[in-house]
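In the numbering used here, the protein residues as written are 531 to 610.
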């Protein structure tokens, strides 16, 4: 598959850990959601993409406040 930005075939996958935070002041007390995913990076233009594991996507869609320990457990289970 070619890069969606520059159409290059010079891409590589890398393991990544990221924390996605809800935006806005009303969400300042909500913990971020830990996402462990493979990131596809274009080595020519730097464009990257990833697909969030289903458990992380469910947490993000719910917009509920979860204790950090619970979100980390779910993320670890999704990556196993």
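Every residue, glycine too, gets a C-beta built ideally from N, C-alpha and C.
Residue i (DSSP reduced to helix, strand or coil)
i	result
residue 534	coil
residue 567	strand
residue 582	coil
residue 590	helix
7 Å Cβ shell around residue i - same chain, five flanking residues per side excluded
i	result
residue 581	567
residue 542	571 and 573
residue 548	565
residue 556	none
Buried or exposed by the 16-neighbour rule on C-beta atoms within 10 Å, applied to residue i
i	result
residue 537	exposed
residue 588	exposed
residue 558	exposed
residue 586	buried
Close-in-space but distant-in-sequence residues of the same chain around residue i (CB under 6 Å, 5 per side omitted)
i	result
residue 546	567 and 569
residue 540	573 and 574
residue 552	560
residue 563	550, 586, 589, 590 and 601
Contacts around residue i, its chain only, beta-carbon distance under 8 Å, and the 5 residues preceding and following it disregarded
i	result
residue 535	572, 575 and 577
Residue i to residue j span [Cα, whole Å]
i	j	result
residue 533	residue 583	21 Å
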